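Enquirer: For the record, the sequence lines run as chains A and B. Residue 316 in numbering that gives the first Met the number 0 is what sits at position 317 of the first sequence, and the numbering runs on without skipping anything. Residue 205 in numbering that gives the first Met the number 0 is what sits at position 206 of the second sequence, and the numbering runs on without skipping anything. Every residue gets a Cβ at the ideal spot worked out from N, C-alpha and C, and that includes glycine. Remember, predicted model here, so these are calculated numbers, not experimental data. My questions will all concern the structure given below.
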Amino acid sequence: MWPFKKKAPEAAVLRKLLSVRMEAIGGQGANSAGKILAEAAVLGMGYSGNHFSSFGSEKRGSPVRSYVRISTEKKPVRTASYIKHPDVLVIFHESLLDSHNEIMDGSTASTELIINSKKDPQDIRLPRGLKLKRVTTIDATALALRCNCGLNATMLAAIVEACPEIRKEILAQTLATYFSGLSEAARKNNLDGFEVAFKHIKSRRFNEDQCDREIQSSPLPELGWLNAPIGGVIVNPGNSALKDHSASRKGYAPLFTKELCYNCGFCDMVCPDFCFVWDLDPTGVKTPTLQGIDYQYCKGCQKCVAVCPVSALTVSIETEIPTEAKKHRVFSSLNAANIEKQWKNLSSPTYIEKISKNGDLK
Amino acid sequence: MICEQIPKFLTGNEMVAEAARAIDFHFMGYYPITPSTEIAELINGMKSRGEVSTVLLPADGEHGAAGACFGAASGGARVLNATSANGFLYSLEQLPVQAGSRLPMVLNLVTRSVSGPLDIRCDHSDLMFALQTGWIVLLASSPQAVYDMNILAVKLGEHPDVRLPVIVASDGFFTSHQRQSCHIFKEKKDVQEFLGPRNDTITTLDPRKPITLGPYMNDPDLINNKYQLHLAHEAALTVFKDICHEYEQRTSRSYAPLETYKMEDAVSALFLLNSAAETAKDAVDRAREDGKKVGLLKPNILRPFPFEDLKIASHELSSLVIGERSDSPGSCGGPLSQEVRSALLADHHSEISTVSRVYGLGGKDFREEDAAELIELGLRLVEKADSAPFFGFIGTRTGVPNTLPPQVLPALEKSQMISKLVSIEKMSPGTSKQHIRAHVADPSLLVARPKRISPGHGACPGCGIFSGLDQFFKGIEGDVVVLYHTGCAMVVTTDYPFSAHRVTYIHNLFQNGAPTLSGLVEAFEEKRRRGEIQANDDLTFIMITGDGGMDIGMGPTIGTALRNHKMIILEYDNQGYMNTGGQLSYTTPFGKATSTSQVGKNSFGKPFHHKDTVSIMAATGISYVFSAIEGVGTDLVEKAAKAQWYAKNKGLVFGKILVACPLNWVSEERQGLEILQRAADCCFFPIYEVENGLTILNYDPEALGKKVPVENWLQMMGKEKHLLKPENSIALKEFQCEVDRRWAQLKAKSAHPLL
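Quick look at the structure:
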């Protein structure tokens with residue numbers, strides 16, 4: 000049996016129906032964390048339950064939601080719909096708070112929030128008007144790097160702590176089974192990571208004062224059948240420039256030292272994410288000079304570092320990138336001017352008028 | 000008579016694989032498509048570990064997969080296939096052929112929305128196309144049902160009174176990727192015993208009893224063949240009930256043609272398919288707690304349609320709400336409603352008010368609250384029959400009237416796209432094998448070329464596609480129109496309402512990009528000839544495809560090349576179907592581990608050699624064909640400039656670039672370029688051009704003393720490392736021999752102008 004310190008008996012009331020929603024970026028292990036949690040509950044604890052994730056394409060870096068429903072009364076869990084009001088809401092990367100507003104959707108006064116962050120729970124700034132029960136933080140990325148294990152192993156420690164319905168040792172056993180295909184060392188690292196992480200969980204009762212973050216309204220208007228251009232056409236292409244991919248980095252990022260750079264352009268040739276910022280002479284007389292990196296787009300692959308013939312680009316721990324280096328922008332302003340009139344005929348006005356008179360088709 | 004069952008916690012797709020393990024099909028022909036892909040992957044894994052003996056055939060597309068299955072079934076084999084959405088539609092033409100020929104098999108249709116626009120999530124728009132094919136359609140609303148229905152499908156289809164192929168339809172993601180508690184047979188022999196042997200009265204594999212399968216049959220005979228088909232469907236409903244009864248005795252799990260849930264004394268009911276019906280059961284429970292007399296009808300078989308069961312079950316109802324996860328635009332009802340209403344109409348005593356609501360298209364969630372809303376709608380109809388519109392959608396979003404998306408980045412100006420960065424020099428005849436030579440500025444100056452793809456696209460970290468494409472675009476002057484095949488580059492750049500393309504972009508499904516663009520090229524030329532487009536408004540047409548698109552789309556691409564339209568086709572080869580989770584493509588190297596060529600005691604990886612697409616395209620006789628890798632030099636940029644000249648002046652150009660896929664090669668993101676270089680150095684990926692039929696080697700590692708064994712390249716990728724183990728030495732040697740043979744042949748071509 001895994002050597003756990005016995006948890007002090009709590010007055011925790013076991014929920015009849017427990018729902019957990021995990022918010023992450025593909026590759027962070029939220030899908031497998033959900034699977035392990037649900038398997039521990041169903042096969043280990045004998046509860047009934049289900050688990051599924053919402054996917055995009057099979058790639059790293061796209062948002063993933065992982066859902067677990069557990070009935071401790073062992074009622075059949077039949078519903079296939081997503082979890083809107085989770086009892087436990089888990090956020091695998093703090094920066095998702097900035098880049099993906101929707102992750103907090105549906106939280107209630109009984110929701111326990113778990114965030115992968117260095118901060119103390121009371122220092123997490125949350126959107127205005129939010130309701131929660133408790134806020135828990137764990138520096139799961141640093142712990143995973145230190146233990147050389149998956150992020151899901153360290154996150155699962157905080158998750159199981161918030162789910163007294165599932166016994167830790169059962170979860171550890173499930174984790175061991177899940178990683179049984181790995182080498183002995185890798186398996187041990189993950190189990191160690193899981194155990195070590197328990198000592199780093201910080202939990203506080205939710206305080207409304209920490210909800211002072213203004214929710215950034217979407218730069219794009221909500222599209223529906225009244226205003227979406229017909230045919231699924233996107234009439235403002237290039238708008239992906241609004242996206243923020245900093246959550247795709249796994250703790251490292253390139254750091255640029257201008258003094259060492261001789262502007263060979265190799266980094267620009269090999270960068271998949273087009274994040275190098277150049278000072279271009281419109282007359283074409285002066286050679287372009289590299290100003291810096293737009294970290295909004297950089298996913299930290301380090302291909303640029305590999306081709307840099309001098310040491311102008313080096314690998315840095317992401318959190319150690321100086322603020323000054325982060326000011327560079329590929330596009331100095333992302334224009335939000337209304338689109339030209341030429342697109343107006345894309346949604347037919349006569350149709351809209353007719354529908355508006357008849358009211359909703361429902 | 001109960002057979003021992005063991006508990007599992009598995010998804011719908013995993014349960015198909017578990018059923019397949021117990022059935023041990025002779026054959027599976029397939030082509031990967033989300034969300035059904037996992038089925039072939041899982042069975043491939045079992046095969047590589049020696050747990051099943053099923054032959055797996057990765058076809059060149061769903062049409063080919065369906066053909067392969069037809070062939071195998073004609074020989075009396077037990078056959079499995081799995082597909083979804085457009086893959087299903089691509090194979091559609093083959094399905095009536097198989098039903099009309101009365102050849103049983105099992106096809107798992109993991110339902111997904113049919114394009115376009117392309118959506119990978121669940122609805123039933125694909126399923127509804129199945130209704131006219133003559134196949135039996137079973138519905139599986141949970142992972143458990145998926146397992147059971149696959150076993151039942153074999154027995155039902157092979158029954159002498161039936162003899163039909165069977166579709167088992169389960170909901171994409173909601174069921175296919177959802178884990179639930181379920182049970183499977185402990186002993187495979189119990190399943191085998193339930194199924195019995197396959198008894199074929201006719202087979203294409205008995206030369207002593209020759210048959211003619213698929214004659215030319217006009218009137219007055221065809222109508223009789225179709226009447227036989229009708230009779231088989233009529234019989235199938237009875238057979239289904241019988242075998243379900245037999246199955247229940249062995250498993251305690253029962254399936255009626257029409258499941259009735261809390262229908263006793265119900266005045267109103269919902270009619271829903273699959274996972275949505277499971278979700279709605281919770282809503283029905285809650286409504287019952289509130290004393291409302293409501294129930295649920297959920298068919299387990301859709302073809303043949305359980306008319307009689309529906310008539311009986313609905314006899315006491317005042318209203319019925321039909322939920323449709325697909326629409327038949329213009330029908331004001333949807334395909335399912337037409338089925339249900341025609342059944343009720345046939346019952347002369349029926350005075351049920353029915354309404355239809357389309358829900359959950361393209362994977363939109365169907366929640367318990369939605370089901371509750373439909374329940375309330377039904378109860379209102381009980382009060383007053385015409386209190387709600389006959390037909391409608393639920394869950395649509397209005398949007399903000401009179402607003403359109405803001406232009407985030409300005410359109411690229413023509414002046415921005417014309418530069419002095421590239422130029423073309425015509426060579427004097429006899430001085431060079433090259434007809435033209437491109438001169439390209441230094442990378443330090445090329446950075447000034449505005450990028451035709453904007454940052455913010457969602458590719459994986461270290462993805463080689465976008466640096467490769469950008470290097471290519473750096474060599475292209477002026478305005479372009481691009482067409483992308485379905486694949487990684489398409490999906491990660493166009494997630495609605497976002498698009499990373501700053502130039503006009505078209506997507507078409509990846510068997511058909513080349514013809515699509517050729518049509519646009521010709522329309523452009525003709526409109527210009529008529530003066531409808533200014534003669535000086537020039538456009539370069541570029542099609543971007545992955546190696547997957549060059550499998551399923553090979554035929555149309557060759558056709559397009561033979562017609563020699565003025566356009567460029569650029570293939571980014573990441574050596575597999577990476578967008579769907581890393582399945583093998585025909586371009587995948589020999590021995591590589593992919594999710595459909597897994598490594599195990601019975602498999603060393605991909606069992607056949609990589610496709611030489613460059614040679615295939617060169618054989619079409621087009622003027623310019625090239626291969627290249629991204630790098631810090633300007634080789635690829637120069638080739639782009641030459642490609643543009645040829646596309647403007649001669650006709651179709653084909654180019655292939657090898658790009659890194661750290662995710663599915665299991666390699667270091669930062670090492671992408673080094674891996675590509677080693678692929679060139681070991682001569683696996685030779686860098687050359689075929690210009691006007693003359694082969695020109697651009698990089699000869701042998702002459703430079705840089706040629707390395709393939710191991711030097713393979714060792715950098717987690718999905719290839721196993722080839723370096725002693726047990727795979729024969730496979731490795733075979734791979735090296737093939738690489739060397741092709742290299743020697745290429746050198747000979749390069750040395751001799753006549754080759």
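At a Cβ threshold of 9 Å, is ILE464 of chain B touching chain A?
Expert: As a first step, residue 464 of chain B must be located in the second sequence, where it is residue number 465. Closer than 9 Å: yes.
Enquirer: Check for me: the beta strand (DSSP E) holding ILE475 of chain B runs from which residue to which?
Expert: Position 476 of the second sequence holds residue 475 of chain B. Note, ILE475 of chain B: premise wrong, no beta strand (DSSP E); not H, not E.
Enquirer: Mind checking who GLY391 of chain B pairs with in its DSSP beta bridge?
Expert: Here residue 391 of chain B corresponds to residue number 392 of the second sequence, with the count starting at 1. According to DSSP, GLY391 of chain B bridges with B:ARG356.
Enquirer: Please go through the same chain and pick out, in chain order, the residues whose beta-carbon is closer than 6 Å to the beta-carbon of SER466 of chain B, but skip the five residues on each side of it.
Expert: Taking the first residue of the second sequence as position 1, residue 466 of chain B is located at position 467. These residues qualify, in order along the chain: GLU629.
Enquirer: Quick check: the Cα distance between CYS660 of chain B and GLU368 of chain B, rounded to an integer number of angstroms?
Expert: Residue mapping note: residue 660 of chain B aligns to position 661 of the second sequence, counting from 1. Residue mapping note: residue 368 of chain B aligns to position 369 of the second sequence, counting from 1. The alpha-carbon atoms of CYS660 of chain B and GLU368 of chain B are separated by roughly 42 Å.
Enquirer: If you compare alpha carbons, which of B:MET262, B:VAL490 and B:LEU662 is closest to VAL293 of chain B?
Expert: Mapped onto the second sequence, residue 293 of chain B falls at position 294. Here the closest residue by C-alpha is B:MET262.
Enquirer: Taking the Cβ atom as the reference point for each residue, do ILE42 of chain B and ALA16 of chain B lie within a distance shorter than 9 Å?
Expert: Residue mapping note: residue 42 of chain B aligns to position 43 of the second sequence, counting from 1. Residue mapping note: residue 16 of chain B aligns to position 17 of the second sequence, counting from 1. Closer than 9 Å, so yes.
Enquirer: Hey, quick one: how far does the beta strand (DSSP E) through HIS244 of chain B stretch, first residue to last?
Expert: Position 245 of the second sequence, counting from 1, holds the residue named residue 244 of chain B. Run containing HIS244 of chain B: none in the beta strand (DSSP E); it sits in the alpha helix (DSSP H), 221 to 250.
Enquirer: Helix, strand or coil, according to DSSP, for TRP134 of chain B in the structure here?
Expert: Position 135 of the second sequence holds residue 134 of chain B. Note: TRP134 of chain B maps to coil in three-state DSSP.
Enquirer: Identify which residue in B:GLU338, B:LYS363, B:GLU570 and B:GLY333 has its Cα closest to the Cα of ARG356 of chain B.
Expert: Translated into the one-based positions of the second sequence, residue 356 of chain B becomes position 357. Of the candidates B:GLU338, B:LYS363, B:GLU570 and B:GLY333, the one whose C-alpha sits nearest the C-alpha of ARG356 of chain B is B:GLY333.
Enquirer: CB GLN510 of chain B to CB GLY115 of chain B, shorter than 9 Å?
Expert: Against the second sequence, residue 510 of chain B aligns to sequence position 511. Against the second sequence, residue 115 of chain B aligns to sequence position 116. Using a Cβ distance threshold of 9 Å, GLN510 of chain B and GLY115 of chain B do not count as a contacting pair.
Enquirer: Output yes or no for whether 9 Å exceeds the beta carbon distance between ALA646 of chain B and MET566 of chain B.
Expert: Walking along the second sequence from the start, residue 646 of chain B turns up at place 647. Walking along the second sequence from the start, residue 566 of chain B turns up at place 567. For ALA646 of chain B and MET566 of chain B, yes; Cβs fall inside 9 Å.
Enquirer: What do you get for SER431 of chain B, buried or exposed, if any count of 16 or more other CB atoms within 10 angstroms of its CB means buried?
Expert: Here the question's residue 431 of chain B lines up with position 432 in the second sequence. So SER431 of chain B counts as exposed.
Enquirer: Based on the DSSP secondary-structure assignment, which residues constitute the bridge partners of LEU269 of chain B?
Expert: The count along the second sequence starts at 1 and reaches residue 269 of chain B at position 270. Per DSSP, B:LEU295 and B:VAL320.
Enquirer: Should LEU158 of chain B go down as buried or exposed, given a rule of 16 or more other Cβ atoms within 10 Å for buried?
Expert: Taking the first residue of the second sequence as 1, we reach residue 158 of chain B at position 159. Per the sequence presented here, residue 158 of chain B reads as His, with Leu not at that position. Buried, since its Cβ has 16 or more Cβ neighbours within 10 Å.
Enquirer: I need the straight-line Cα distance from ASP189 of chain B to SER116 of chain A, nearest angstrom please.
Expert: Numbered from its first residue, the second sequence carries residue 189 of chain B at position 190. Numbered from its first residue, the first sequence carries residue 116 of chain A at position 117. Each residue's alpha carbon lies about 52 Å from the other.
Enquirer: Pairs of beta-carbons, one from the segment 98 to 106 of chain B and one from the segment 296 to 315 of chain B, closer than 8 Å: are there three or more?
Expert: no
Enquirer: Considering Cα atoms alone, identify which of B:TYR215, B:PHE471, B:ALA81 and B:SER422 is closest to PRO57 of chain B.
Expert: Taking the first residue of the second sequence as 1, we reach residue 57 of chain B at position 58. Selected option, being the one with the closest Cα: B:ALA81.
Enquirer: Using a Cβ-Cβ distance under 9 Å, would MET21 of chain A count as near chain B?
Expert: Here residue 21 of chain A is taken as the residue at index 22 of the first sequence, counted from 1. For MET21 of chain A, the answer is no, since every Cβ of chain B falls outside 9 Å of its Cβ.
Enquirer: Is it true that the CB of GLY192 of chain A sits closer than 9 Å to the CB of CYS146 of chain A?
Expert: For the purposes of this step, residue 146 of chain A is taken as the residue at position 147 of the first sequence. For the purposes of this step, residue 192 of chain A is taken as the residue at position 193 of the first sequence. Yes, the Cβ-Cβ distance between CYS146 of chain A and GLY192 of chain A is below 9 Å.
Enquirer: Helix, strand or coil for THR173 of chain A per DSSP?
Expert: In the first sequence, the residue the question calls residue 173 of chain A occupies position 174. Of the three classes helix, strand and coil, the one that applies to THR173 of chain A here is helix, per DSSP.
Enquirer: How would you call HIS244 of chain B, buried or exposed, if buried means at least 16 neighbouring beta carbons within 10 angstroms?
Expert: Residue numbering aside, residue 244 of chain B sits at position 245 when the second sequence is read from its first letter. When all chains shown are included, HIS244 of chain B counts as exposed.
Enquirer: Which runs of the beta strand (DSSP E), 3 residues or longer, sit entirely within the segment 181 to 260 of chain A?
Expert: 201 to 204 and 251 to 255
Enquirer: Could you tell me whether the Cβ of ASN198 of chain B comes closer than 9 Å to any Cβ of chain A?
Expert: Position 199 of the second sequence, counted from the first residue, corresponds to residue 198 of chain B. Not an interface residue.
Enquirer: For SER422 of chain B versus ALA642 of chain B, is the C-beta spacing smaller than 9 Å?
Expert: Here the question's residue 422 of chain B lines up with position 423 in the second sequence. Here the question's residue 642 of chain B lines up with position 643 in the second sequence. No, they are not a contact pair.
Enquirer: Would you verify that the beta carbon of ILE158 of chain A is, or is not, closer than 9 Å to some beta carbon of chain B?
Expert: Start at 1 with the first residue of the first sequence, and residue 158 of chain A comes out as number 159. No, no contact with chain B.
Enquirer: CA-CA distance, SER94 of chain A and GLY654 of chain B?
Expert: Working through the first sequence from its first residue, we reach residue 94 of chain A at position 95. Working through the second sequence from its first residue, we reach residue 654 of chain B at position 655. If I take the Cα positions, the gap works out to 40 Å.
Enquirer: For PHE255 of chain A, which residues of its own chain have a beta-carbon under 8 Å away from its beta-carbon, when the five flanking residues on both sides are left out?
Expert: Position 256 of the first sequence holds residue 255 of chain A. Excluding its 5 nearest sequence neighbours in each direction, PHE255 of chain A has C-beta neighbours in its own chain below 8 Å: LEU289, GLY291, ILE292, ALA311, LEU312 and ALA324, listed in chain order.
Enquirer: Keeping to the same chain, check which residues put their C-beta closer than 6 Å to that of VAL54 of chain B; ignore five residues upstream and five downstream.
Expert: Numbered from its first residue, the second sequence carries residue 54 of chain B at position 55. Beyond the five residues adjoining it in sequence on each side, VAL54 of chain B comes within less than 6 Å, by CB distance, of PHE26 in the same chain, given in chain order.
Enquirer: Sort B:ALA560, B:LEU108, B:PHE87 and B:GLU476 by Cα distance to SER622 of chain B and report the nearest one.
Expert: Start at 1 with the first residue of the second sequence, and residue 622 of chain B comes out as number 623. SER622 of chain B has its Cα closest to that of B:ALA560, out of B:ALA560, B:LEU108, B:PHE87 and B:GLU476.
Enquirer: Based on the DSSP output, what are the partners of SER422 of chain B in its beta bridges?
Expert: As a first step, residue 422 of chain B must be located in the second sequence, where it is residue number 423. Answer is B:HIS438, bridged to SER422 of chain B.
Enquirer: Check whether the Cβ of GLU207 of chain A lies closer than 9 Å to any Cβ atom in chain B.
Expert: Against the first sequence, residue 207 of chain A aligns to sequence position 208. Judged by the 9 Å Cβ criterion, GLU207 of chain A is not in contact with chain B.
Enquirer: Consider the Cβ of ASP281 of chain B: report whether some Cβ of chain A lies at a distance smaller than 9 Å.
Expert: On the second sequence, residue 281 of chain B is found 282 positions in, with the first residue counted as 1. Taking Cβ atoms only, chain A reaches closer than 9 Å to ASP281 of chain B, which makes this a yes.
Enquirer: Which residue wins for smallest C-alpha separation from LEU675 of chain B, given the options B:LEU373, B:ASN711, B:ASN691 and B:ALA522?
Expert: Here residue 675 of chain B corresponds to residue number 676 of the second sequence, with the count starting at 1. It is B:ASN711 whose Cα lies nearest to the Cα of LEU675 of chain B.
Enquirer: Per the DSSP calculation, MET416 of chain B is bridged to which residue(s)?
Expert: If you number the second sequence from 1, residue 416 of chain B lands on position 417. None; MET416 of chain B has no bridge partner.
Enquirer: Measuring only between beta-carbons, confirm whether HIS484 of chain B sits less than 9 Å from chain A.
Expert: Locating residue 484 of chain B in the second sequence gives position 485, counting from the first residue. So, not an interface residue.
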